[in-house]
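Chains X and W supply the protein sequences, listed in that same order. My numbering puts the first residue of the first sequence at -10, with every later residue one more than the last. My numbering puts the first residue of the second sequence at -10, with every later residue one more than the last.
Protein chains: 2
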Amino acid sequence: MPRVGLNQQTVVREAARLADEVGYQQLTLAALAGRLGVALPSLYKHVRGADALARKLSALATAELATELTTAAAGRAGGDALRAMADAYRDYARRHPGRYPATQQVPDPADPEHVVAGERAVGAIYAVLRGYGLTGDDAVDATRALRSALHGFVSLEAAGGFGLSREVDRSYHRLVAGMDLAFQSWPRARGTADQADQP
Amino acid sequence: MPRVGLNQQTVVREAARLADEVGYQQLTLAALAGRLGVALPSLYKHVRGADALARKLSALATAELATELTTAAAGRAGGDALRAMADAYRDYARRHPGRYPATQQVPDPADPEHVVAGERAVGAIYAVLRGYGLTGDDAVDATRALRSALHGFVSLEAAGGFGLSREVDRSYHRLVAGMDLAFQSWPRARGTADQADQP
DNA sequence: CCATAAAGCTAATCCCATTAGCCGCGATCG
DNA sequence: CGATCGCGGCTAATGGGATTAGCTTTATGG
């Protein structure tokens, strides 16, 4: 039969597009194969299975998100950087409702690209917080706090947890303003975070 | 054959126990039926299907969480109430790793108990924030912010997103302290939230 | 004691994931 | 130019879960 000419790249990229259209939970090898004009088992020539595809998708989405966060923060500092990054974060989640959930999967240690993408994403947040004078354990805690706030808001919003109100933008900006304030007065406690600690 | 004597209550309760043991994603009608000593299709006499079971489980878990939040906040105010409630929230999520994800499903409008449970949970948070002098739109925004922070942290923790570090407690307490500070200085902006607005 | 509703069952169907094994296209090498 | 061989596609088969249909049996209440 005519060769379609797939490779892992094209398969994973199409998976990302499909996930954004039908939702992360509805991303299925069967649907993906149909989309690519190929029989389901043919996908196994490019990905090891559904789990592996999910991990590859996670690596892709995490890399994209990391890039957007880094770009948003570039050339800014303090509250400016925080707001720009927060907007970029929510923006990505809304533009890519299927990819975003994939970014929450913990990076696969066996996939260097995945690991690097995760480090870049966390690193982007970490860098912004250095702008508040936070380092070491303080920065680790602050990074976790910021990730929590942004991820929590964005995932509640995606789940429809905020009802139909149109005032969600305002709520988000106030949350970010609250985090900004918190980071300004973040308790300066201890010195060095263990290098092994994942923020 | 000997009747087992199931009803919707027992089925949903066993589903909750099973979810906590094997994880929300691994909760399956097949596994549940096995656990109850019954053939899979027999479950359809008590629940309409997998989706309906998930909604009933959500109602159960949301009600439990609402009760624990309310209890934690009882007799406290301001930062005390906030810290107690935050601890109760995380505690619930850690004691019930399978039920907790169910609480994030938006309440089924057709199930009054589910709706009430959701209102109680949000109401508990809302009440604590009134202790900061927040009302109307301000309280709506603050409620969304607090839910985001708590849910975000707890779900990242459950996903293993914080690595293996043992210092997660400290990070959580600092996040809560940051929210406390933010609520103390929360911008007092507008008056009344639309009654229809879901925080 | 019987009628009936409810609670179980088996069987059948459908969808998805996975594995095994076949086949032809096409790039490469002699 | 033609033979080869690896790779990318295929079909078929298996197994697990959800759902529906329809049968049987148990309790229970009149």
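The beta-carbon is built from N, C-alpha and C at its ideal position, and this holds for glycine as well.
Legend entry - Distance between beta carbons of Arg133 (chain X) and Ser160 (chain W), contact taken as under 8 Å: 5 Å
Inset, instruction - Verify the CB distance criterion: does Asp186 (chain W) have a CB-CB separation below 7 Å to chain X? - result: With a pLDDT of 49 at Asp186 (chain W), under the threshold of 50, the modelled position of that residue is not reliable, and the figure given next carries that caveat. For Asp186 (chain W), the answer is yes, since a Cβ of chain X falls inside 7 Å of its Cβ.
Inset, instruction - Would you mind stating whether Leu7 (chain X) and Arg(-8) (chain X) have Cβ atoms separated by less than 7 Å? - result: Annotated as distal: Leu7 (chain X) and Arg(-8) (chain X), with beta-carbon spacing of 7 Å or more.
Inset, instruction - State buried or exposed for Glu57 (chain X), treating a residue as buried only when at least 16 other CB atoms are found within 10 Å of its CB. - result: buried
Inset, instruction - Alpha carbon to alpha carbon, how far is Pro86 (chain W) from Ala147 (chain W)? Give it in angstroms, no decimals. - result: 8 Å
Inset, instruction - Reducing DSSP to helix, strand and coil, say where Arg155 (chain X) ends up. - result: coil
Inset, instruction - Kindly indicate if chain X contains any beta-carbon less than 7 Å away from that of His103 (chain W). - result: no
Inset, instruction - Compare the C-beta of Leu164 (chain X) with all C-beta atoms of chain W and state if any pair is closer than 7 Å. - result: yes
Inset, instruction - With DSSP as the reference, label Gly150 (chain X) as helix, strand or coil. - result: coil
Inset, instruction - Give a yes or no on whether 7 Å exceeds the smallest Cβ distance from Gly149 (chain X) to chain W. - result: yes
Inset, instruction - Could you tell me which chain W residues have their CB closer than 7 Å to the CB of Leu170 (chain X), listed as they occur along the chain? - result: Simply Leu170, Ala171 and Ser174.
Inset, instruction - Quick one: grab the DSSP three-state call for Pro98 (chain W). - result: If DSSP states are grouped into helix, strand and coil, Pro98 (chain W) belongs with coil.
Legend entry - Three CB pairs or more closer than 8 Å across the region -7 to 12 of chain W and the region 75 to 90 of chain W: yes
Legend entry - Alpha-carbon spacing of Glu53 (chain X) relative to Gly26 (chain W), whole angstroms: For Glu53 (chain X) and Gly26 (chain W), the distance between alpha carbons rounds to 47 Å.
Legend entry - Close Cβ partners of Asp127 (chain X) (< 8 Å) along its chain, the five nearest in sequence each way excluded: Trp175, Pro176, Arg177, Ala178 and Arg179
Legend entry - Coil, strand or helix - Val27 (chain W) by DSSP: Coil.
Inset, instruction - In the DSSP assignment, find the unbroken alpha helix (DSSP H) run with Thr51 (chain W) in it and report its ends. - result: Ala39 to Ala62
Inset, instruction - Please list the residues of the region 70 to 96 of chain X that have a C-beta atom closer than 7 Å to any C-beta atom in chain W, keeping them in chain order. - result: Gln93 and Val95
Inset, instruction - Write down the C-beta distance between Ala70 (chain W) and Gly120 (chain W) rounded to the nearest angstrom, noting that I regard them as a contact closer than 8 Å. - result: 6 Å
Inset, instruction - Taking C-beta pairs closer than 8 Å, name the residues in chain W that Ala63 (chain X) reaches, listed in chain order. - result: Chain W residues near Ala63 (chain X): none, gap ~25 Å exceeds 8 Å.
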